[in-house]
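S.K.: The listed protein sequences derive, respectively, from chains V and X.
In terms of my numbering, the first sequence is residues 247 to 392.
In terms of my numbering, the second sequence is residues 912 to 1018.
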Amino acid sequence: MKELNSMRLEFPSRSANEGFARAAVAAFAAQLDMTLTELGDVKTAVSEAVTNCIVHAYPDMIGTVHMRVRIVDEETLEIQVKDKGRGIEDVDRAREPLFTTGGEDRSGMGFTIMESFMDDVKVRSKPGAGTTVTMRKKIEKRLPAR
Amino acid sequence: MKLTSTQNGGKLTLTISGELDHHEARALCVEMEERIEEVLPRDCVLDLRELRFMDSSGIAVILKVYKHMNALGGRLTVINVPDQPLRVLDASGIDRMIEITAGEPGS
Ligand SMILES: Nc1ncnc2c1ncn2[C@@H]1O[C@H](COP(=O)(O)OP(=O)(O)OP(=O)(O)O)[C@@H](O)[C@H]1O
Ligand SMILES: [Mg+2]
Chain V
247 MKELNSMRLE FPSRSANEGF ARAAVAAFAA QLDMTLTELG DVKTAVSEAV
297 TNCIVHAYPD MIGTVHMRVR IVDEETLEIQ VKDKGRGIED VDRAREPLFT
347 TGGEDRSGMG FTIMESFMDD VKVRSKPGAG TTVTMRKKIE KRLPAR
Chain X
912 MKLTSTQNGG KLTLTISGEL DHHEARALCV EMEERIEEVL PRDCVLDLRE
962 LRFMDSSGIA VILKVYKHMN ALGGRLTVIN VPDQPLRVLD ASGIDRMIEI
1012 TAGEPGS
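#1: Measuring alpha carbon to alpha carbon, tell me which of X:1004, X:1006 and X:993 ends up nearest residue 1013 (chain X).
#2: Under a three-way DSSP split, which group does residue 967 (chain X) fall into?
#3: For ligand 2, is there a heavy atom less than 8 Å away from the beta-carbon of residue 294 (chain V)?
#4: Quick one: is residue 985 (chain X) near chain V, going by C-beta distance under 9 Å?
#5: Taking only runs of the alpha helix (DSSP H) that begin and end inside the segment 339-367 of chain V, which ones reach a length of at least 4 residues, in chain order?
#6: Looking at the unbroken alpha helix (DSSP H) that takes in residue 995 (chain X), where does it start and where does it end?
#7: Could you compute how far the alpha carbon of residue 1001 (chain X) sits from the alpha carbon of residue 311 (chain V)?
#8: Find the nearest neighbour of residue 287 (chain V) within the set V:256, V:362, V:380 and V:375, judged by alpha-carbon distance.
#9: Would you list the residues whose beta-carbon is nearer than 5 Å to any heavy atom of ligand 2, in the order they occur in the chain?
#10: Using beta carbons (cut-off 9 Å, strictly below), is residue 303 (chain V) in contact with chain X?
#11: Which full runs of the alpha helix (DSSP H) of 4+ residues lie inside the segment 254-313 of chain V, going along the chain?
#12: Excluding the five sequence neighbours on either side, which residues of its own chain have a C-beta within less than 8 Å of the C-beta of residue 258 (chain V), listed in chain order?
#13: Would you mind giving the Cβ-Cβ distance between residue 967 (chain X) and residue 353 (chain V), rounded to the nearest angstrom? I have them listed as a contact below 8 Å.
#14: Could you tell me how far apart the beta carbons of residue 958 (chain X) and residue 914 (chain X) are, in whole angstroms, since I believe they sit closer than 8 Å?
#15: How would you write the range of the beta strand (DSSP E) that residue 324 (chain V) sits in, first residue to last?
#16: Need the endpoints of the alpha helix (DSSP H) that residue 943 (chain X) sits in, please.
#17: For residue 1003 (chain X), does the count of other Cβ atoms within 10 angstroms reach 16, so buried, or fall short, so exposed?
Written out as structure tokens, the structure reads:
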């Protein structure tokens, strides 16, 4: 795997940073010549992963959200979102559509959306230690505009 | 995030603009519930034409409004949904419960 470019981002788990994280990743990913649909998918997946840190990983405290974004193998965008929060007891169950521990305010669709908008989603988690979500999306090469 | 509302007989149209995420969801929900309680509409229309971004937090918001309208014996429709929010709504399967149109209704 060849890394072409990368960036890291770290911010407190304040909800105001959800929009910042989306915008920062979109600005970095601009060098990949994505379609508007691809860009929308990436922003949505980032929003889901970052919101999960803010809502679930650090429910009653402000923790740190760590992001690493890389462009690998010419045309694949890899986004990693990591927290050192509460962790997930049963990852397979958490990834099921509609599963939520968030009550009325949540729909339990975050992981489902990440999975349908990205090509690959990996979740590593340890209760009490934290969660790392790594997502990849291959950006189709387009013919240069004429 | 901004909410504007217009009322026409028993129909309340709520237009949401900006980005609807977890950061914005709660305040928006409160505002929409207030409008609905004030007007007690038979028909509630959510117009999303100015919504630039929405994630799963928006699904929960729309479901809440849907349940609120159900409890009032009324109806909810979602119209003018731009591309990105539409992809999120499609992935959620919410369109099996709620009438959602990408454009103007009936077009
Ligand atoms: N970073 C995290 N730390 C701890 N628990 C998490 C984390 N991410 C997800 N979870 C757990 O996995 C469940 C499912 O997450 P998912 O994003 O699919 O749905 P949700 O966040 O509950 O609802 P939605 O994303 O639709 O608002 C969460 O309810 C929570 O219990
Ligand atoms: Mg979520």
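Using N, Cα and C, we set each Cβ at its ideal position, and we do this for glycine too.
M.R.: From the atom records:
#1: X:993
#2: helix
#3: yes
#4: It does not: the Cβ of residue 985 (chain X) has no partner Cβ on chain V nearer than 9 Å.
#5: Counting only runs of 4 or more, we get 356-363.
#6: 994-1003
#7: The straight-line gap from Cα to Cα measures roughly 29 Å.
#8: For the residues V:256, V:362, V:380 and V:375, the minimum Cα distance to residue 287 (chain V) belongs to V:362.
#9: Counting every residue whose Cβ lies closer than 5 Å to a heavy atom of ligand 2, we get V:298 and V:356.
#10: At a cut-off of 9 Å between beta carbons, residue 303 (chain V) makes no contact with chain X.
#11: 263-275 and 282-298
#12: 308, 309, 310 and 311
#13: 5 Å
#14: So it is not a contact: roughly 11 Å between Cβ atoms.
#15: 322-329
#16: In the DSSP assignment, residue 943 (chain X) falls within the alpha helix (DSSP H) that extends over 933-950.
#17: buried
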